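Worksheet: one structure, shown below.
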Amino acid sequence: MNRVSRVFHYALLAATATLVVVFYFQTRLLDLDRHNSVSQNLLHLKQLDTRLNEEMLKAVSLQLEHYDAIVGTVSRMKELTGQLRDRGANLHVPEVPAIDEGLNTFHALMLKKIDLVETVKSRAAVVRNTLNYLPLEVERIAGDGHDPEVVPLHRLVASLMSYNLQPSPRTRHVVTEALKTVEGASYPPELHGDVNRVLVHARANIKAIDDIGATMAQFIIQPTALTVDRIHEAHQDFLVQRIKLADTFRLILLVLSLALFAGLGVALRQLRKAHDAAERTSRQFSDALESISEGFAVFDGKERLTFWNSTFTTLHAGLKDKLVPQLSFADFHDACVEAGLYNEVEGADGEGGQLAKANGQQIMVRSRTRRWMLASNSRMTDGGIACVRIDVSETKNAQEELRKLSRAVEQSPATVIITDTRGVITYVNPKFSETTGYAPTEAIGQRTSMLGSGEMSGDAYKALWQTISSGREWRGEFHNKRKDGSLFWELASISPIKDDGGRITHYLAVKEDITERKRNMEAMAHATQEAQLANHAKTQFLANMSHELRTPLNAIIGFSEILKEQMFGPIGNENYLDYCQHIFSTGRHLLDVINEILDVSRIEAGTIEMNESLVDVADLCRESLEMLREQAEHKDQKLRSGINSDLPALWGDGMRIKQIVLNLLSNAVKFTPNQGEIVLSAFLDEHGGVTIKVQDTGPGIPEDQKETILEPFEQVSDIYTRSHEGSGLGLYLVNSFTKLHDGSLSIESHVDDIETGTIISVQFPKERLR
Numbered sequence: 000m001n002r003v004s005r006v007f008h009y010a011l012l013a014a015t016a017t018l019v020v021v022f023y024f025q026t027r028l029l030d031l032d033r034h035n036s037v038s039q040n041l042l043h044l045k046q047l048d049t050r051l052n053e054e055m056l057k058a059v060s061l062q063l064e065h066y067d068a069i070v071g072t073v074s075r076m077k078e079l080t081g082q083l084r085d086r087g088a089n090l091h092v093p094e095v096p097a098i099d100e101g102l103n104t105f106h107a108l109m110l111k112k113i114d115l116v117e118t119v120k121s122r123a124a125v126v127r128n129t130l131n132y133l134p135l136e137v138e139r140i141a142g143d144g145h146d147p148e149v150v151p152l153h154r155l156v157a158s159l160m161s162y163n164l165q166p167s168p169r170t171r172h173v174v175t176e177a178l179k180t181v182e183g184a185s186y187p188p189e190l191h192g193d194v195n196r197v198l199v200h201a202r203a204n205i206k207a208i209d210d211i212g213a214t215m216a217q218f219i220i221q222p223t224a225l226t227v228d229r230i231h232e233a234h235q236d237f238l239v240q241r242i243k244l245a246d247t248f249r250l251i252l253l254v255l256s257l258a259l260f261a262g263l264g265v266a267l268r269q270l271r272k273a274h275d276a277a278e279r280t281s282r283q284f285s286d287a288l289e290s291i292s293e294g295f296a297v298f299d300g301k302e303r304l305t306f307w308n309s310t311f312t313t314l315h316a317g318l319k320d321k322l323v324p325q326l327s328f329a330d331f332h333d334a335c336v337e338a339g340l341y342n343e344v345e346g347a348d349g350e351g352g353q354l355a356k357a358n359g360q361q362i363m364v365r366s367r368t369r370r371w372m373l374a375s376n377s378r379m380t381d382g383g384i385a386c387v388r389i390d391v392s393e394t395k396n397a398q399e400e401l402r403k404l405s406r407a408v409e410q411s412p413a414t415v416i417i418t419d420t421r422g423v424i425t426y427v428n429p430k431f432s433e434t435t436g437y438a439p440t441e442a443i444g445q446r447t448s449m450l451g452s453g454e455m456s457g458d459a460y461k462a463l464w465q466t467i468s469s470g471r472e473w474r475g476e477f478h479n480k481r482k483d484g485s486l487f488w489e490l491a492s493i494s495p496i497k498d499d500g501g502r503i504t505h506y507l508a509v510k511e512d513i514t515e516r517k518r519n520m521e522a523m524a525h526a527t528q529e530a531q532l533a534n535h536a537k538t539q540f541l542a543n544m545s546h547e548l549r550t551p552l553n554a555i556i557g558f559s560e561i562l563k564e565q566m567f568g569p570i571g572n573e574n575y576l577d578y579c580q581h582i583f584s585t586g587r588h589l590l591d592v593i594n595e596i597l598d599v600s601r602i603e604a605g606t607i608e609m610n611e612s613l614v615d616v617a618d619l620c621r622e623s624l625e626m627l628r629e630q631a632e633h634k635d636q637k638l639r640s641g642i643n644s645d646l647p648a649l650w651g652d653g654m655r656i657k658q659i660v661l662n663l664l665s666n667a668v669k670f671t672p673n674q675g676e677i678v679l680s681a682f683l684d685e686h687g688g689v690t691i692k693v694q695d696t697g698p699g700i701p702e703d704q705k706e707t708i709l710e711p712f713e714q715v716s717d718i719y720t721r722s723h724e725g726s727g728l729g730l731y732l733v734n735s736f737t738k739l740h741d742g743s744l745s746i747e748s749h750v751d752d753i754e755t756g757t758i759i760s761v762q763f764p765k766e767r768l769r
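Residue 477 in numbering that gives the first Met the number 0 sits at position 478 of the sequence shown, with consecutive numbering throughout.
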């Protein structure tokens, strides 16, 4: 292929050389018609330049409603300049540098004037827009009144009009002073934003007028007409010289032709480089198409598939191996329909027939898998088809969610009201009519005060409006009146609705009828008051009973202990010793029950006192373990310790924490059979807190009783079947004291599993560690 290409290049060079020689001998001395045409073009170019100056003066004075004439003049000047600079016009030649320089100078001047034209057009648009805006905005601010503070605004507009009609140092000074007067004036807070916008537009107008003046000064001084005259003179000189040097030109042309032959060889080499560069550009284009998030495919002039990116493949994954090069557009469409990719088209039949046309129309299509695509097929200049597919599933899903939200508002069990910023109702949902008795047509257009019962004070309404108008939410209760005159209570939440710019456009009120709840709350408050009185009476009774019971019990316990220990001599009969032991243990048990009942009473009344300090948990657990060791050894039970010695101090009531540990150990000893095992552990848990855990090998706790045993006076067995004494208050107190320390209690138990038994864990949070 390379050899064939080289032969073709050489043949092209030979043909070019032959054509140059033939052209030399066939060249005429002079083409007067062409030169006359050039002269006419130069004259026309000068006329167009003059016309452009006139049209620009009209544009500056705002006499032009549109710029079509200027655009046409500029386009014609560009066209003529391009023709004159073209080598075919016999002007742009090395022998006439004055013409080349003149054309280049004119071209540069023309481009500069075009830039100045665009600048004037843009600034004139600013002037036109501000002149249209400012009078209307000032009129809107003034309203129907004639307040003194709006007089400077009217003066500013008047001085701007004068400055726009006749720009001069005097009118510039007047408008500057008017601007300063407005800037120094004092306005109500609600007008600050409006006045600032007037100032911004006024400054923009002044700057635009100044820019137009400076730009037009540059525009007028551009020596385009003089440059055209110089080009014309150079052209005439060129004609004279051309006639004189015709013979010499032929020889030079021959030399230049031969040089062109050599340059053509270089050009062919450069053409090869350009071809390689084009291939690189093509690869870069392909890479760019691969990186975009839209699916893109190209069918050539014969409607055969030639290119598609990876996103297009992903969106048409249902085609599998059918998406191959040279696939016809018709077969591609049929395959998509068959695979269910074009299962549903919005506003069309279910077969996606519109997608078979390459008319550039954007069509929303859904597949069987509920993927939505925005599809378009557009004809290209070579007759091919460009296919674009955009995955809009998220957008469609968001629209569906919006529809759901709308239905949710319509079907909401709460009343929904939307008002404008003045409190005029613009929307109510069906629940509003159900609650108030007003139909939507009766409510919309009315103020929300139509529901007022007159009980809410003016200060309360003022505070409500201050809250919502400042962008915050208001929550509270209304005692409103229905259409039939009956009163009802509503719990309301009112919040502002803002646009994208953060400006409040509406207010949203969501209300719930709480009339029945208010009645229930009143009844509950009455019942609570009665319960508090009853609880106080119970507390007083228990306090009195504690005093009345503790006094004889202390005597019984003390005397029975003296008899049991035979402090005043032997009793003489072993049965008496057993009786004394029973009296002592029973008295102690009854005293413990009384103390527990009193603790329960204090907990329920909320009067229990917490004497908090730093507690050494490890020492406390070891002391508790020793206190229960004798009782455990009496039943041949093993007491084991898993206490971590490096525990940090715990902030809490040491007596209550010790009562927690003693109650857990006492329960474990009580319910674990003889020769059983009990383990007390204390350690840092995974949450950074301290956990105290007691595990025994007892019979376990049934699953349905794990919650009830935490209630007061509850035990695993009932009073007829249980074999252990107790009040049923131990675990209740443990759970209550744990909660007072912000902790939690958990129970893990397996019935009749002597290896696991019951594990009760008490967790104290890390916030209480020191």
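Heads up, the beta-carbon is just placed ideally off N, CA and C, and yes, glycines get one too. From a predicted model like this one, the values you see are computed outputs, not experimental measurements.
Checklist entry - Using 8 Å as the threshold, is the stretch 666 to 673 in touch with the stretch 702 to 711, meaning 3 or more CB pairs across them? => result no
Checklist entry - By a C-beta neighbour count over all protein chains shown, 10 Å radius and 16 as the cutoff for buried, is W464 buried or exposed? => result exposed
Checklist entry - What span of residues does the beta strand (DSSP E) with H505 cover, start to end? => result I503 to D512
Item to check | Alpha-carbon to alpha-carbon, P187 and S468 | outcome: 17 Å
Checklist entry - When we look at the beta-carbon of A631 and count the other beta-carbons within 10 Å, is it buried (16 or more) or exposed? => result buried
Checklist entry - Using the rule of at least 16 other Cβ atoms within 10 Å of the residue's Cβ for burial, across every protein chain shown, is G349 buried or exposed? => result Note that G349 scores a pLDDT of 43, beneath 50, so its modelled location is shaky; the value from the coordinates is reported in the next line. That one is exposed.
Next on the checklist: Taking the alpha-carbon of L267 as reference, which of T755, T170, K480 and A13 has the nearest alpha-carbon?
Outcome noted: A13
Checklist entry - Mind checking Y719: buried by the 16 CB within 10 Å criterion, or exposed? => result The pLDDT assigned to Y719 is 35, lower than 50, so where the model puts this residue is not dependable, and the model offers no usable value.
Checklist entry - Of the residues I230, R621 and K657, which one's Cα is nearest the Cα of S644? => result R621
Item to check | Buried/exposed call for P93, threshold 16 Cβ in 10 Å | outcome: Low confidence applies here, because P93 scores a pLDDT of 41, under 50, leaving its location unreliable and the question unanswered by this model.
Next on the checklist: According to DSSP, is F736 part of a helix, a strand, or is it coil?
Outcome noted: helix
Item to check | Pair within 9 Å by beta-carbon distance, N204 and L133 | outcome: yes
Item to check | Distance CB(F260)-CB(S285) smaller than 9 Å | outcome: no
Item to check | Whether I503 touches T394 by CB criterion (9 Å) | outcome: no
Next on the checklist: For A277, count the other beta carbons within 10 Å of its own beta carbon; 16 or more makes it buried, fewer makes it exposed. Which is it?
Outcome noted: exposed
Checklist entry - Under a three-way DSSP split, which group does I211 fall into? => result helix
Checklist entry - Tell me the DSSP bridge mates of E747? => result I758
Checklist entry - Alpha carbon to alpha carbon, what distance is there between E136 and D193? => result 8 Å
Next on the checklist: Which residue wins for smallest C-alpha separation from A107, given the options R84, E189, S640 and A123?
Outcome noted: R84
Checklist entry - Taking the continuous alpha helix (DSSP H) assigned at D330, which residues delimit it? => result F328 to E337
Item to check | Secondary structure of S485, DSSP reduced to three states | outcome: coil
Item to check | Euclidean distance between Cα positions of G756 and D635 | outcome: 17 Å
Item to check | Given I140 as reference, the closest of V197, I113 and V173 once Cα atoms are compared | outcome: V197
Checklist entry - Closest by CA to W371, which one among Q62, G339 and M654? => result G339
Next on the checklist: Considering only their Cβ atoms, is the gap separating S760 from L739 smaller than 9 Å?
Outcome noted: no
Checklist entry - Alpha carbon to alpha carbon, what distance is there between L130 and K112? => result 26 Å
Item to check | Which listed residue (E189, L263 and V239) has its alpha carbon closest to that of A10 | outcome: L263
Checklist entry - Buried or exposed: L663, going by 16 or more other Cβ atoms within 10 Å of its Cβ? => result buried
Item to check | Nearest-angstrom Cα separation, counted from I570 out to L576 | outcome: 8 Å
Next on the checklist: When you compare the CB positions of T414 and K430, do they come within less than 9 Å of one another, or not?
Outcome noted: yes
Checklist entry - Whole-angstrom Cβ separation of M55 and M215, contact assumed at under 8 Å? => result 7 Å
Checklist entry - Cβ of L732 within 9 Å of Cβ of Q674? => result no
Checklist entry - Using DSSP with H/G/I as helix, E/B as strand and the rest coil, what is T104? => result helix
Next on the checklist: So for G262, helix, strand or coil by DSSP?
Outcome noted: helix
Next on the checklist: Could you tell me which whole alpha helix (DSSP H) segments of length 4 or greater appear in the stretch 591 to 672?
Outcome noted: 616 to 633 and 653 to 670
Checklist entry - Roughly how many whole angstroms lie between the Cα atoms of K356 and D320? => result 24 Å
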